[in-house]
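The next block holds one structure in the form of structure tokens; read it before the comments.
There are 2 protein chains.
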Amino acid sequence: MKFTREDIDTDELNRRRALYGPLTAAVRELVDATIRTEVDDETIREVHATVAAATEKLRAKQIDGGFGMRFTADGESFAWGNAGMGLRNAIAPPLLIESDDTGLHWTEVALGAAYEGPPGLVHGGICALVLDHLLGTTASSVEPRFTGTLTLRYRRGTPLGPLRAEARIDRNEGRKTIVVGTLSDAGGVTIEAEGIFIGPATE
Amino acid sequence: MKFTREDIDTDELNRRRALYGPLTAAVRELVDATIRTEVDDETIREVHATVAAATEKLRAKQIDGGFGMRFTADGESFAWGNAGMGLRNAIAPPLLIESDDTGLHWTEVALGAAYEGPPGLVHGGICALVLDHLLGTTASSVEPRFTGTLTLRYRRGTPLGPLRAEARIDRNEGRKTIVVGTLSDAGGVTIEAEGIFIGPATE
Chain A
0 MKFTREDIDT
10 DELNRRRALY
20 GPLTAAVREL
30 VDATIRTEVD
40 DETIREVHAT
50 VAAATEKLRA
60 KQIDGGFGMR
70 FTADGESFAW
80 GNAGMGLRNA
90 IAPPLLIESD
100 DTGLHWTEVA
110 LGAAYEGPPG
120 LVHGGICALV
130 LDHLLGTTAS
140 SVEPRFTGTL
150 TLRYRRGTPL
160 GPLRAEARID
170 RNEGRKTIVV
180 GTLSDAGGVT
190 IEAEGIFIGP
200 ATE
Chain B
0 MKFTREDIDT
10 DELNRRRALY
20 GPLTAAVREL
30 VDATIRTEVD
40 DETIREVHAT
50 VAAATEKLRA
60 KQIDGGFGMR
70 FTADGESFAW
80 GNAGMGLRNA
90 IAPPLLIESD
100 DTGLHWTEVA
110 LGAAYEGPPG
120 LVHGGICALV
130 LDHLLGTTAS
140 SVEPRFTGTL
150 TLRYRRGTPL
160 GPLRAEARID
170 RNEGRKTIVV
180 GTLSDAGGVT
190 IEAEGIFIGP
200 ATE
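The listed protein sequences correspond, in order, to chains A and B.
Each residue of the first sequence is one higher than the one before, counting from 0 in numbering that gives the first Met the number 0.
Each residue of the second sequence is one higher than the one before, counting from 0 in numbering that gives the first Met the number 0.
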């Protein structure tokens with residue numbers, strides 16, 4: 000496990016957010032455009048060369064392996080490489096999870112061309128990514144939990160476009176926390192999810 | 000559902016593979032570098048501007064929405080936007096699925112920084128993407144099947160790095176096809192999966 004403490008304060012963290020967030024958003028747009036473009040071959044080759052050169056610039060100095068989980072001097076955590084919500088990860092939609100004081104957790108996200116599976120529909124595995132991430136965050140809202148079992152019932156295809164996922168803790172059974180949730184489009188629920196999350200062993 | 004017939008032959012399809020495959024690979028490298036770079040702020044801003052300009056070039060002519068499923072004049076299908084295996088999708092690891100004549104289907108893939116969840120581990124939802132994609136392909140190897148229920152049992156964390164997923168059809172029950180599979184690292188199984196896939200209604 001890769002946990003790193005960085006000797007920075009919240010101001011510096013926010014400065015970095017403002018630097019890396021827009022770069023990541025631009026890379027996310029490039030991923031989408033790479034799928035959807037119909038420009039001529041010459042332009043494709045030109046963009047390929049440009050992207051390779053840009054990557055080489057970024058790789059001039061880089062960390063080994065994944066970003067891991069980092070902490071500021073104030074104890075604030077940031078996992079910017081996370082595939083679900085990482086600020087520096089262009090794969091992440093990103094999933095911004097909100098919650099209220101009743102324990103409901105939710106995320107609203109618009110999934111475009113880069114998340115397609117069957118034609119016009121979100122890939123079933125991307126739906127699983129959204130639900131795993133939301134249910135895991137919900138389960139860990141009190142204390143850290145690890146996924147034990149995740150069950151997804153696909154009621155119908157999930158169309159590309161604006162979606163909402165919701166989850167809440169259903170019950171606790173000893174070390175197990177059972178979380179239930181749904182993924183929905185404007186027409187209602189497309190997938191039902193149940194997750195069993197496991198807490199650390201108590202002594 | 001977006002199915003498109005393109006009036007091209009296999010030679011033209013292969014020509015396009017050779018054009019778009021390297022661009023996508025370069026974008027995938029950029030996604031990874033965006034997470035791992037430690038270059039100075041000025042270089043980050045410069046790369047941001049370069050990437051935005053490259054995207055604008057690609058967007059000068061593009062399709063609406065997702066890539067969908069396309070067919071050549073010879074009936075060969077290509078779903079190059081697919082989030083699991085699309086040739087033009089930089090999110091896709093990509094997953095190349097192989098099979099033998101015993102019905103075993105498998106994919107070997109190395110997942111790096113862009114697929115991280117907990118520090119040093121693959122995101123549980125990315126593991127779900129790999130298994131959903133593999134089990135769905137396995138279920139559909141005889142005729143098309145849609146995911147009904149997917150159950151994932153997380154036995155331990157899945158480390159970033161080289162992984163292998165395997166699946167096979169366990170049994171058929173009327174319109175249902177039950178597929179079982181695993182995700183493993185060099186040390187053995189990390190996740191067990193079972194999927195119930197549904198075939199089209201017969202008349």
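Built from N, CA and C at the ideal position, the CB exists for glycine as well.
Which residues of chain A have a Cβ atom closer than 9 Å to the Cβ of residue i, listed in chain order?
| i | result |
| --- | --- |
| B:ARG35 | LEU57, ARG58, GLN61, ILE62, ASP63, GLY64, GLY65, PHE66, GLY80, ARG87 |
| B:THR181 | The contacting residues do not exist; B:THR181 stays about 15 Å from chain A at best. |
| B:GLY116 | ALA78, ASN81, ALA82, GLY83, ASP131, HIS132, GLY135 |
Let me check understanding here. Comparing Cα to Cα, which of the options lies closest to residue i?
| i | options | result |
| --- | --- | --- |
| B:ARG44 | A:LEU94, A:LEU29, A:ALA17 | A:ALA17 |
| A:ILE197 | A:LEU162, A:LEU149, A:LEU159, A:ALA52 | A:LEU149 |
| A:ASP63 | B:PRO118, B:ILE168, B:ASP73 | B:PRO118 |
| A:PHE70 | A:ARG27, A:PRO92, A:ASN81, A:LEU12 | A:LEU12 |
| B:GLY187 | B:GLU165, B:VAL178, B:LYS175 | B:GLU165 |
| A:LEU134 | A:ALA52, A:THR23, A:ALA192, A:PRO199 | A:ALA192 |
| A:TYR153 | B:GLY147, B:GLN61, B:ASP10 | B:GLY147 |
| B:ARG261 | B:ARG155, B:PRO158, B:THR42, B:VAL141 | Since the first residue shown for chain B is 0 and the last is 202, residue 261 of chain B is missing from the structure and cannot be characterised. |
| B:LYS60 | A:ALA59, A:ALA32, A:LEU130 | A:ALA32 |
| B:PRO143 | B:VAL129, B:THR176, B:GLY116 | B:THR176 |
| B:PRO204 | B:LEU130, B:ILE190, B:LEU151, B:THR189 | There is no way to answer for residue 204 of chain B, as the model of chain B reaches only from 0 to 202. |
Between the C-alpha atoms of residue i and residue j, what's the straight-line distance to the nearest angstrom?
| i | j | result |
| --- | --- | --- |
| A:ALA78 | A:PHE66 | 7 Å |
| A:PRO21 | A:SER183 | 28 Å |
| A:MET68 | A:THR3 | 6 Å |
| B:ARG167 | A:TYR19 | 42 Å |
| A:PHE145 | B:GLU5 | 46 Å |
| A:GLU202 | B:LEU103 | Per-residue confidence for A:GLU202 stands at a pLDDT of 46, beneath the threshold of 50, marking its modelled position as unreliable; the derived number appears in the next sentence. Those two C-alpha atoms are separated by around 43 Å. |
| B:ALA82 | A:ILE34 | 10 Å |
| B:GLU97 | A:LEU86 | 34 Å |
| A:ALA25 | A:GLY173 | 45 Å |
| B:ALA109 | B:ILE125 | 12 Å |
| B:PRO158 | B:TYR114 | 10 Å |
| A:THR112 | B:THR54 | Residue identity check: residue 112 of chain A is Ala in the sequence provided, not Thr. Cα to Cα, A:ALA112 sits roughly 15 Å from B:THR54. |
| A:ILE195 | B:ALA89 | 31 Å |
| A:ALA185 | B:THR42 | 42 Å |
| B:LEU225 | A:GLY80 | With chain B covering only 0 through 202, there is no way to say anything about residue 225 of chain B. |
| A:ARG206 | A:MET84 | Since the displayed chain A opens at 0 and closes at 202, residue 206 of chain A lies outside it and no answer follows. |
| B:GLY180 | B:THR136 | 12 Å |
| A:THR36 | A:PRO199 | 48 Å |
| A:LEU120 | A:THR23 | 24 Å |
| B:ASP40 | B:THR49 | 14 Å |
| B:ARG155 | A:VAL38 | 45 Å |
| B:ALA52 | B:GLY160 | 33 Å |
| B:THR106 | B:GLU75 | 22 Å |
| A:THR189 | A:GLY116 | 15 Å |
| B:ASP100 | A:LEU151 | 30 Å |
| A:ARG27 | B:ARG27 | 11 Å |
Cβ atoms of residue j and residue i: under 8 Å apart, would you say?
| i | j | result |
| --- | --- | --- |
| B:VAL46 | A:LEU57 | yes |
| A:VAL178 | A:ALA127 | no |
| B:HIS122 | B:LEU94 | no |
| B:ASP8 | B:ASP73 | yes |
At a CB-CB cut-off below 9 Å, which residues of chain B make contact with residue i?
| i | result |
| --- | --- |
| A:ARG233 | Here chain A comprises residues numbered 0 to 202, so residue 233 of chain A is not present and cannot be evaluated. |
| A:ILE7 | Residues of chain B passing the Cβ test: none, with the nearest at roughly 13 Å. |
| A:ALA17 | In chain order: nothing, as chain B lies at least about 10 Å away. |
Which residues in chain B have a C-beta closer than 7 Å to the C-beta of residue i? List them in chain order.
| i | result |
| --- | --- |
| A:GLU28 | THR54 |
| A:VAL46 | LEU22, ALA53, LYS56, LEU57 |
| A:ALA113 | ALA82, ASN88, ILE90 |
Give the residues of chain B in contact with residue i, contact being defined as C-beta atoms less than 8 Å apart.
| i | result |
| --- | --- |
| A:ALA72 | None at all; the shortest Cβ gap to chain B is about 19 Å. |
| A:THR42 | LYS56, LEU57, ALA59 |
| A:ARG152 | GLY147, THR148 |
Cβ closer than 8 Å: which chain A residues qualify as neighbours of residue i?
| i | result |
| --- | --- |
| B:ALA51 | ALA25, GLU28 |
Starting from the beta carbon of residue i, find every residue of chain A whose beta carbon is closer than 7 Å, and list them in chain order.
| i | result |
| --- | --- |
| B:ALA164 | Ordered by position in chain A, no residue passes the 7 Å Cβ test against B:ALA164, which lies about 12 Å from the chain. |
Using beta carbons (cut-off 8 Å, strictly below), is residue i in contact with chain E?
| i | result |
| --- | --- |
| B:ALA127 | Of the protein chains in the structure, A and B, none is chain E. |
**Message:** Give the list of continuous alpha helix (DSSP H) stretches no shorter than 4 residues that lie fully inside the region 19 to 80 of chain B.
**Reply:** Those alpha helix (DSSP H) runs which fall completely within the region 19 to 80 of chain B and span 4+ residues are 40 to 58.
**Message:** Quick check for students: name the residue ranges of the alpha helix (DSSP H) that lie wholly in the region 114 to 200 of chain B, counting only runs of 4 or more.
**Reply:** Here the runs fully enclosed are 123 to 138.
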